[in-house]
Amino acid sequence: MLLAFIAVVGFFLLVAIARGVRVVQQYETGIVFRLGRIQSEVRGPGMHLIVPIVDRMQKVNMQIITMGVPAQEGITRDNVSVRVDAVVYFRVIDPIKAVVNVQNYLFAVSQVAQTSLRSVIGQSELDQLLSDRDTLNAQLKAVIDEPTEGPWGIRIERVEIKDVALPEGMKRSMSRQAEAERERRARIITADGEFQASKRLAAAARQMSSDPAALQLRMLQTVVEVAAEKNSTLVMPLPVELLRFFDKMAPAAEQPVPAPAEEPEPVEEALDELPAIDAAAGAPDPAVPPAVAP
């Protein structure tokens with residue numbers, strides 16, 4: 135009879151001990167409540183023994199938790215309707231605050247992240263959402279971290295904006311704008327290439343003009359290229375010296391030829407004509423009547 139009683143008592147003791155054993159993993163922390171009051175001592179990784187019925191242990195995950203933020207619709211500061219989703223990385227740094235000060239810290243962080251994301255969308259412009267995400271991520275992290283780290287014992291490690299969905303009309307407008315920008319850049323590059331090519335051609339022309347042999351070689355090369363094509367064009371190359379001769383003769387032909395000067399009369403002929411001129415001057419004019427004396 136005594137042995138049976140000892141066996142029963144031993145069985146209940148083993149059951150009680152088994153129910154009081156708790157194992158805390160390496161990435162966890164144990165918080166013990168004794169008769170509803172939290173114990174200040176935090177249980178680390180390993181096996182721990184608590185008093186059944188009197189004590190209750192709650193484990194808190196100390197790893198970095200990844201939480202996706204559902205897509206939030208909002209209107210940017212430049213009146214564009216967008217749909218943005220994000221992801222939040224956070225961890226518990228004070229397990230007692232995370233258990234005591236907030237009922238469900240996972241749900242609480244999710245709600246704060248959603249409201250903060252809508253707030254950041256309203257304060258930003260579309261260009262910032264598309265091109266300056268690093269600044270928006272830092273701003274969003276600061277907004278979420280402010281109410282969570284101090285009161286809740288939760289630190290926001292990182293916040294990333296995943297996707298920005300735009301209306302179809304806005305997508306088409308941005309596509310046309312990007313195409314126009316590409317065309318503008320292509321025209322600038324083409325114009326710059328033509329400008330550089332013209333400078334090189336001008337330098338080559340100056341070099342070839344000073345070297346007749348190079349000019350003749352270029353002419354022969356052009357004749358070969360034209361002759362290689364199957365056409366009926368007949369090319370008759372002219373010597374460069376002949377072209378230079380015509381070039382020099384052209385200014386001389388354009389100058390006016392001065393008129394020849396009149397040759398002076400001989401002196402002897404002028405002296406022979408003087409008596410005849412005097413006689414003609416002394417003879418009376420037959421058309422004038424002689425004067426009558428009174």
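Per my numbering, the very first residue in the sequence shown carries number 135; after that it's consecutive.
Don't be surprised by glycine CBs; every beta carbon is placed ideally from N, CA and C.
A quick note: this is a predicted structure, and the numbers were derived from the prediction, not measured.
Under a Cβ-count criterion, where at least 16 other Cβ atoms within 10 Å of its own Cβ denotes burial, should Ala272 be classed as buried or exposed?
Flag for Ala272 reads exposed.
DSSP state of Asn195, grouped into three classes?
Strand at Asn195.
To the nearest angstrom, how far is it from the Cα of Leu183 to the Cα of Ala205?
Cα to Cα, Leu183 sits roughly 45 Å from Ala205.
Specify the secondary structure class of Pro204 as computed by DSSP and reduced to three states.
Strand.
Helix, strand or coil: how does DSSP classify Ile282 here?
In the sequence on display, residue 282 carries Thr and not Ile. Three-state DSSP puts Thr282 in a helix.
What did DSSP end up calling Thr269 once you bin it into helix, strand or coil?
Helix, per DSSP.
Around the C-beta of Thr163, are 16 or more other C-beta atoms found within 10 angstroms, so that it is buried, or is it exposed?
The C-beta of Thr163 has 16 or more other C-beta atoms within 10 Å across all chains shown, which makes the residue buried.
Cβ shell of Ser258 (< 7 Å), same chain only, five flanking positions each side left out
The residues are Thr210, Arg211 and Leu270.
Straight-line CA distance for Gly327 to Arg340?
C-alpha separation (whole angstroms): 20 Å.
Helix, strand or coil for Thr210? Go by DSSP, reduced to three states.
In the structure shown, Thr210 sits in coil (DSSP, three-state: anything other than H, G, I, E or B).
Using the rule of at least 16 other Cβ atoms within 10 Å of the residue's Cβ for burial, across every protein chain shown, is Gly287 buried or exposed?
It counts as buried.
State the Cα-Cα distance for the pair Leu274 and Val243, rounded to the nearest angstrom.
Across the structure, Leu274 and Val243 are spaced so that their CA atoms are roughly 13 Å apart.
Is it true that the CB of Lys231 sits closer than 9 Å to the CB of Pro285?
In contact: Pro285 and Lys231 (Cβ atoms closer than 9 Å).
Excluding five sequence neighbours on each side, which residues of the same chain lie with their C-beta closer than 6 Å to the C-beta of Arg177?
Closer than 6 Å at the Cβ level, and outside the excluded window around Arg177, lie Val158 and Gly164.
Below 8 Å CB to CB, which residues in the same chain sit around Asn235 once its five sequence neighbours on both sides are set aside?
Cβ within range, chain order: Pro285, Trp286 and Gly287.
Thinking just about the alpha-carbon of each residue, which of Val185, Ser343, Gly144 and Leu137 is nearest to the one in Val155?
With distances taken between Cα atoms, Val155 lies closest to Val185.
Tell me the DSSP bridge mates of Glu302?
Answer is none; Glu302 lacks a bridge partner.
What number of angstroms, rounded off, separates the C-alpha of Ile295 from the C-alpha of Gly170?
Their backbone Cα atoms lie some 41 Å apart in a straight line.
Ala417: buried (16+ other C-beta within 10 angstroms of its C-beta) or exposed?
Its pLDDT being 48, under 50, Ala417 is placed unreliably by the model, and nothing is read from it.
Do the CB positions of Met304 and Val214 come within less than 9 Å of each other?
At the C-beta level, Met304 and Val214 come within 9 Å of one another.
Quick check on the DSSP output: the alpha helix (DSSP H) that includes Ile165 runs from which residue to which?
Ile165: not part of any alpha helix (DSSP H); member of the beta strand (DSSP E) spanning Glu162 to Arg168, first to last residue.
Which residues does DSSP pair with Ala220 in a beta bridge?
Its beta-bridge partners are Val203 and Ile295.
Measuring straight from C-alpha to C-alpha, what distance separates Arg352 and Thr324?
Thr324 has its alpha-carbon roughly 27 Å from the corresponding atom of Arg352.
I'd like to confirm the pairing. Which residues does DSSP put opposite Ser215 in its beta bridges?
According to DSSP, Ser215 bridges with Ile209.
CB Val226 to CB Met196, shorter than 9 Å?
Closer than 9 Å, so yes.
Checking the sheet assignment: what are the DSSP bridge partners for Ile172?
Phe167, per the DSSP bridge assignment.
Arg340: beta carbon under 8 Å from a heavy atom of the ligand MN?
Annotation note on the ligand MN: not contained in the displayed structure, which lists no ligands.
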